[in-house]
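Protein chains in written order, with my numbering: chain L, 1 to 185; chain D, 186 to 775; chain Z, 776 to 1085. All C-beta atoms, glycine included, are put in the ideal place defined by N, C-alpha and C. Heads up, the thing below is written out as C-alpha cells.
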Amino acid sequence: MRFSGIKMPGLLKGGLFCWVVVLFVVVFSMFLADFLLEEPAVPERGMSSIPFDHAIHGDSIGLDCSACHTGARASANAYMPSMADCMDCHRLPMNDKLAEEEMQVDLSEKPWSHKRHLPDHVVFHHGVHAAAGVACADCHGTGFRQNRYGGEKFDMQSCIRCHRGETFKERGFKPAATYCAACHR
Amino acid sequence: MFRYLMLAGLALFLPGLCALGYSLYEGPSAWMLDSRTFWGTPISLFVFWVGLAHAGTLLSAVFLALDIKLDRRTALIAELSTLASLVFAGIFPLMHLGYLQNFYMVAPFLDARGNFANVSSPLVWDFCCIAVYAILSLLFFVMHLKARVNPALDKYRKPMAWLLFPLVLWVHTVVSLDFATTFVPEWRGAFFPVYFIAGAIFSGIALVNLLLCTEGYRVRLLERLQLICSWILCAIWFWDFLLKGTFFASAFIFAGVLPQLRLVSVFRENRWGRAALSVSVLFGLFLERFYLVSPEYGTSSSFGWIDLGLVAFSVGGFMLLFFGVRRLLNRYAENAGAYFGEVDGSDMAKVEEAEDAERVAASGLGVEKSKKGFYIQPWSSEEYRILRFPLLVGIAVALIFVVWAWGQLPFVNVELSLANVLPLVYPVMALATVMTLLARIYFVEKSFVLHRREKILGVAILILAGACAGTFFAGGASETSGASVDVAAFGENTNVDLAQSALVWNARCATCHGRDGKFNEKFVREYYPVPPKLDLPRLDSLGTDSLVKVVLNGRVNMSAYANRLTPAEAYGLVNYMRSLAARDSGEGAR
Amino acid sequence: MGMDRREFIKSCSLVAVMGLLYGCRKLPLDEVARLGDGPTLKQFEDEVKLAVSQAKKQLDLVKVSRPGPLSIPGASPLNRFGMAIDLDLCDGCGECILACNKENNVPLVPEDDAARGRFMHWVDMRSGAPFMCAHCGKAPCERVCPTGAANHTPDGLSAMVYKRCAGSRFCGANCPVQARKFNFNDAQKLGLARKFNKEVPLRDKGVMEKCSLCLHRLQNDRLKFKTQLSVAVAAAGNVSVKNAAENATEWRGRGVTTACSDACKRRAIIFGNWLDEKSPLVQLTKDRVLYAPREIADLDPSVVFMRGRR
C-alpha cells in the first residue's frame, strides 16, 4: 500500500488553526507525561559503606550471624547491632587491640543503621525462615565473607519459587504458604 | 465532504483530548461515577462503542458468510467503522482503571512471579475477546483491501468471515456477562446477552446507515433491518419492564419510537431524514447504555464537563479516524463504478449485475464460485477445504490453552471450574486459526507477495509485541519503604513466655553461654576466661532475683543488658536458663 | 512542507520554553505539598464525628446460622477468623471507626467528598452500629476481580493485595453491601494521610481497599508463633518448653484482637476464630441469635451481628 500520493490536508500549513492544534497537543502530552512519569523509581541497592569485617568475626571466631544481628533468628527484622552489642565483646581483654581503637575513633558511624529495602506491603520474618532451617547464606549468599555485603538482589520471583518448592529441593524444606496474604498486606 | 466531516471531528476531538488527559491525570474522580457501582461514563461509552463495532463484522462477515449480496463499498465502510469504533472501545476500559499501570495483569498471561489473571472474572474474558476481535477485524479489513488488488485472495475472505461471525456474538455475550453476573439488581438477568446483542446490532446498523448517508447512497436492506431491530429491542425493553420495572423513557423515544418514522416516505426518501433517524437511534442507545451502567444517575451523581469531553473525544475521534482513512481509501473505493451499489432511489439490481460481472471475471482466474441458491455446502465447499487445516490447529491450540489456563489458577483456593475458562475458548481458537490461515497464505499462495515496507512493518509489529510481552512478564518493581532499620527495639516484647525467652536466649546469650546452656567452647576458651559452670545447684543458690540483676547490670565478664532487655525479658531468660540446667541435670542423673 | 530558518528557530525556541516550563512547574507545587506535616489527630476525630452524624444507611438484618468451616478449596480446617457485633451493647459511639483509622492508616477525604458522604473509613455506621466488610465465605467481589488482587486466605479473610490491584472497581460494583472503598484521591500528595501505624502500608491512588480484619496483626502473630514453636521443638528435651508447645502445635490466632474490638469500651465487638472452641468469639456467641444483612446472608459472612439470647 502506498499513500505517498495523498496530499497533506491544508490545515497543517500554518496559521492560527495550526497553533491551536499545537496547544491542544501540548496540553494533552503534559497530562500524559505527568501520568506516565509519576512512577516510583526502581529500587537501587548499592554496597554498604560500613567499615566492618565480616570475615574476621564470622568464620575465624565462629560467631553466628544472630550474635550481632540479634533478630536474625528470632524476629521479623534481623536488626543492626548497637554500640553496646559491639562492646559486649570489645570491652574484654582481647587479642586484637586495633579493632577496639578503631571503634573508639569512628563513633560517628555507630550505632549503625541502614535503610530498609523491603517495601511496606511485603512481610518478611527472618525468624520464621531461620526456624524452618533456611540458612542465612541461602538468601544473602556468601559475599559478605569477602566483605562484599549489601549487593544481594531480592525479588518476589526468588521468594515464590522457593515457597513453591522449585528451588532448594536438596534442602528438603517443608512446603510453604503461597497465598497472597501470607506475605502481603 | 469528508474533509469537512474530518474537521468537524477534529474540532470535537481536541477539547475531548484535553478532557481525556485531565481524566488520566486526575483519575476516576474526574468523571461521573455511580456512587453504588463505582462505574461511570467510560464504561457506558465502552459498551456503546463496542456495540457500534459490531456493525462492520456483522454486515461484512455475516452477509458474506451467508452469501447475502452486499456491495463492496458498503462492506468496506462497515469494516472500517468497526476498526475505528474498536479503537475507542479499547481506550475507555483502560482509562476507566484506577491504576492503569497494572492493566496488563488483566490478560491471562503468566508473569515471571507466576501470577496469573483470575480467569473466573468476566473482565478477563472481556479483555481477551475484544483483543482478539480487534486483531481479527483488522486482518479482515486488510485482507479485503489486499483482495481488491489481488483477486486470488478473495477466496480466503469467506473462511475468515465464517470465523468472525460467531466471534461477534461471542464478544457481545461476554460484554453482557460483565453485567449479568454481578449482584447489582438492575444488571441481573439471563436475557442480558440477547438484550446486548440486539442493542449492538441495532446501533451498528444505524451507524452504517448514517455513514452511507455521508457517501450519498443507501442500502434498503440495512434500513429495513434497522426498523426490525427497533421492534426487537422494544420487545426486550417491554420484557425488562415487566421483570424489573425499569424503563428509560428517553431511550425508548429516541431508539424505539422515532425510528418508526421510516415508514413515512418523507423521511425515508430524504437523505437528511435517513441520517436524522440513524442519529436518533444512536443517541437513544447511548442514553440507554448510560442509564444502564449508572443506575443511580440523578440521585447522587450528574453529568459534568469532563463527561461531555469524553463523549466529544470519542465522537470526534471516530469522525477524524473514519473520514481520515476514508479519504485515503478513495482509490480503493472509487475506481470501479459498477461496485457502488445503489445510488439514492435505485434498487439492488446493479449489485447483482456487478456480482455477475465479477463472477465472469473470476472464472477466468480459475476461482470457483458456488451456484446461486446453494449457500451452504458444508463438507465440499471451497471455504471448508481452506479452513480445514487451520481450524484443526485452532482447536488444538484452544484445547491446550484451556487445559493450561485451568491449571494456572492464581490461588490454591479459587474454585476450579471449567466454566471459568470456557469463554476464552472461541477467541483463542479463532485467533490461532486465522494465524494459521495467514501463514498458509504467506507460504502457499504464489500470487501473494509482501512489499518491502510491509515486511518492515510486520517485523516492527512483532518486535513491539515481543517487547510488550517481555515488559509485562518482568512486572513492575515496588518502591522500598525507606524506613531505617537500626538496633533492636527496647521493650518490644511484653508477654514473655518460655518460648519467647528461648528466642531471646538464642539471640543474646547463646554466643557465650551456648544454645544448650553449656559454653560455646571455641569462642569462650579463645577470648574469655572460663566462667564458673551454671548448673542447677549453683543457680538455685544464687536465686532468681540476683541473676536478673546480673543480666541487667552485668558482673565481671558478663555484659550489662539493662538497655537492651526489659526486666520481664530478663526474668524470662533466668527461667529459661534454669529449665536448661534442669534438663542437663536430669540427663546427668539418668 | 517548506520552512524557512526564521520559522524553524521560532519553533525550536518555543519547544525549548515549553520543555523548561514543563520541567520546572513541579518544583513550587511539590514545595507546597510538603509544607503540611500531615493531618492532626483532631482532624481524624472530627471526620469520624461527621461520618457518624451523616450516617443514614440502614441494615436489613436476617437470622443466619453460625459460620462453619469454609467451603472453598484449600481452606484451613482449624481457623476461620471473624467477628460478632453485639447490637444489645453497642451505643454507636464511633470509637471503633477512629481506632480503625489509626490502626490501618485510613486517610482523610477532601471536604467535598466528605460532604457527599464519600469517606474512606473501613468501618461505617449503619443502623447505629458499626458495619464493615463481612469477609464472606463465598465472596462475590473476589470472583470478579480480574487480577486476583482480591482473594481469600485459607483462614477466612478476604484479603487485598494493593500492588496487584488495577482499579477496575468491579469488586466494588459486585459487593451487595458496598463495603469497599476506592482511593479516589492521592491522599499522600494531598496531605490527607498519616502513618499512625508503621505495620500497615499507605495505599496508592486508584486502588480498592476495605476492612482487612487487622490482617497484619494475624500475620505477625502467626509468624511469631511459628518461630517460637520451632525453637520449642528444637529444645525437645526441655520439659517445660515442650509442654508449652504441646498446648498448641497449630496456630489458632489466640490472643489476637482487632483494633475496633480493642477500642470498644462496651465490649460489643468480639473478634475470634469461629472454629476454635476456646476463642472468645465462640464462647460469647454460644447462646446468642446471629444476624447478617439480608443481601449477604446467603454468602456465608464471617462478620455477623448478634442480638438477644436464645
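In this structure, what does DSSP give as the bridge partners for residue i?
| i | result |
| --- | --- |
| Z/Phe-957 | Z/Met-983 |
| Z/Asp-861 | Z/Met-1081 |
| Z/Val-837 | Z/Ala-1067 |
| Z/Ser-933 | Z/His-927 |
| L/Val-189 | One cannot answer for residue 189 of chain L here, as it falls past the ends of chain L, which runs 1 to 185. |
| D/Gly-225 | D/Leu-218 |
| Z/Phe-906 | Z/Asp-899 |
| D/Phe-376 | According to DSSP, which records beta bridges pairwise, D/Phe-376 is partnered with nothing at all. |
| L/Gly-58 | Partner(s): none; L/Gly-58 has no beta bridge. |
| Z/Ile-1044 | Z/Ile-860 |
Counting only beta-carbon separations shorter than 8 Å, does residue i have a partner in chain L?
| i | result |
| --- | --- |
| D/Ala-497 | no |
| D/Gly-676 | The pLDDT assigned to D/Gly-676 is 48, lower than 50, so where the model puts this residue is not dependable, and the model offers no usable value. |
| Z/Lys-1001 | yes |
| Z/Asn-949 | no |
| D/Gly-502 | no |
Quick one: measure Cβ to Cβ for residue i and residue j, integer angstroms, because I've assumed they're closer than 8 Å.
| i | j | result |
| --- | --- | --- |
| Z/Lys-980 | D/Gly-225 | Contact doesn't hold; Cβ gap of about 17 Å is too wide. |
| Z/Val-919 | Z/Cys-946 | 6 Å |
| D/Ile-382 | D/Thr-399 | Not really, about 26 Å apart at Cβ, beyond 8 Å. |
| Z/Ala-1038 | Z/Ala-874 | 3 Å |
| L/Tyr-179 | Z/Pro-844 | L/Tyr-179 to Z/Pro-844, Cβ: 17 Å. No contact. |
| Z/Pro-848 | Z/Ala-968 | Going by Cβ atoms, the distance from Z/Pro-848 to Z/Ala-968 rounds to 37 Å, so no, they are not a contact pair. |
I'd like to know whether the C-beta of residue i is nearer than 8 Å to at least one C-beta of chain Z.
| i | result |
| --- | --- |
| D/Ser-266 | no |
| D/Pro-200 | no |
| L/Ile-164 | For the sequence presented, residue 164 of chain L should be read as Arg rather than Ile. No, its Cβ sits nowhere closer than 8 Å to a Cβ of chain Z. |
| D/Asn-705 | no |
| D/Thr-665 | no |
| D/Gln-445 | no |
| D/Gly-194 | no |
| D/Gly-206 | no |
Spell out whether any CB of chain D is found under 8 Å from the CB atom of residue i.
| i | result |
| --- | --- |
| Z/Gly-1028 | no |
| Z/Arg-939 | yes |
| Z/Cys-920 | yes |
| Z/Ala-1007 | yes |
| Z/Asn-960 | yes |
| L/Thr-70 | yes |
| L/Ile-56 | no |
| L/Gly-62 | yes |
| L/Val-21 | yes |
| L/Val-26 | no |
| L/Arg-171 | no |
| Z/Phe-957 | yes |
| L/Ala-74 | yes |
Do residue i and the ligand COA come close, with the Cβ less than 7 Å from some heavy atom?
| i | result |
| --- | --- |
| L/Val-128 | No copy of the ligand COA occurs in the structure displayed, which carries no ligand at all. |
Beta-carbon of residue i versus every beta-carbon of chain A: anything under 8 Å?
| i | result |
| --- | --- |
| D/Ser-465 | This model lacks chain A altogether, as its protein chains are L, D and Z. |
task = Pair every Cβ in the segment 729-743 of chain D with every Cβ in the segment 649-668 of chain D, then say whether three or more of these pairs are closer than 8 Å.
result = no
ask   = Name the residues in the segment 746-764 of chain D whose C-beta lies less than 9 Å from a C-beta of chain L; which are they?
value = Tyr-746, Asn-748 and Arg-749
Contact the segment 261-280 of chain D vs the segment 492-508 of chain D: 3+ CB pairs below 8 Å = yes
message = Pairs of beta-carbons, one from the segment 301-316 of chain D and one from the segment 605-617 of chain D, closer than 8 Å: are there three or more?
response = yes
key: Residues from the segment 222-235 of chain D in contact with chain Z, defined by Cβ distance under 9 Å   = Cβ contacts with chain Z come from Thr-222, Phe-223 and Trp-224.
task = Please list the residues of the segment 117-130 of chain L that have a C-beta atom closer than 9 Å to any C-beta atom in chain D, keeping them in chain order.
result = In summary, the residues of the segment 117-130 of chain L whose CB is separated from some CB of chain D by less than 9 Å are His-117, Leu-118, Pro-119, Asp-120, His-121, Val-122 and Gly-127, in the order they occur in the chain.
query = Counting pairs of beta carbons, one from the segment 913-928 of chain Z and one from the segment 936-943 of chain Z, are three or more of them closer than 8 Å?
reply = The answer is yes - the segment 936-943 of chain Z touches the segment 913-928 of chain Z, with three or more Cβ pairs under 8 Å.
ask   = Taking contact to mean at least 3 C-beta pairs separated by less than 8 Å, is the segment 319-334 of chain D in contact with the segment 186-198 of chain D?
value = no
ask   = the segment 368-399 of chain D: which residues have C-beta closer than 7 Å to a C-beta of chain L, in chain order?
value = none
Residues, ordered as in the chain, of the segment 291-309 of chain D that lie near chain Z by beta-carbon distance below 8 Å = Val-291, Asn-300, Phe-301, Ala-302, Asn-303, Ser-305, Ser-306, Pro-307, Leu-308 and Val-309
query = Listed in chain order, which residues of the segment 276-289 of chain D have Cβ atoms closer than 9 Å to some Cβ of chain Z?
reply = Pro-278, His-281, Leu-282, Gly-283, Tyr-284, Leu-285, Gln-286, Asn-287, Phe-288 and Tyr-289
ask   = Using 8 Å as the Cβ pair cut-off and three pairs as the minimum, do the segment 924-942 of chain Z and the segment 998-1008 of chain Z touch?
value = no
message = Please identify, using Cβ separations under 9 Å, the residues of the segment 920-934 of chain Z that lie next to chain L, in order along the chain.
response = Gly-923, Ala-924, Asn-926, His-927, Thr-928, Pro-929, Asp-930, Leu-932 and Ala-934
query = In chain order, what residues of the segment 964-985 of chain Z put their CB closer than 9 Å to some CB of chain D?
reply = Within the segment 964-985 of chain Z, the residues whose Cβ lies closer than 9 Å to some Cβ of chain D are Lys-973, Pro-976, Asp-979, Lys-980, Gly-981, Val-982 and Met-983, listed in chain order.
ask   = Hey, is the segment 216-225 of chain D in contact with the segment 241-249 of chain D, meaning 3+ C-beta pairs nearer than 8 Å?
value = Three or more beta-carbon pairs separated by less than 8 Å are not found between the segment 216-225 of chain D and the segment 241-249 of chain D, which leaves the two stretches without contact.
message = So if I threshold CB-CB distances at 9 Å, which residues from the segment 814-831 of chain Z count as touching chain L?
response = none
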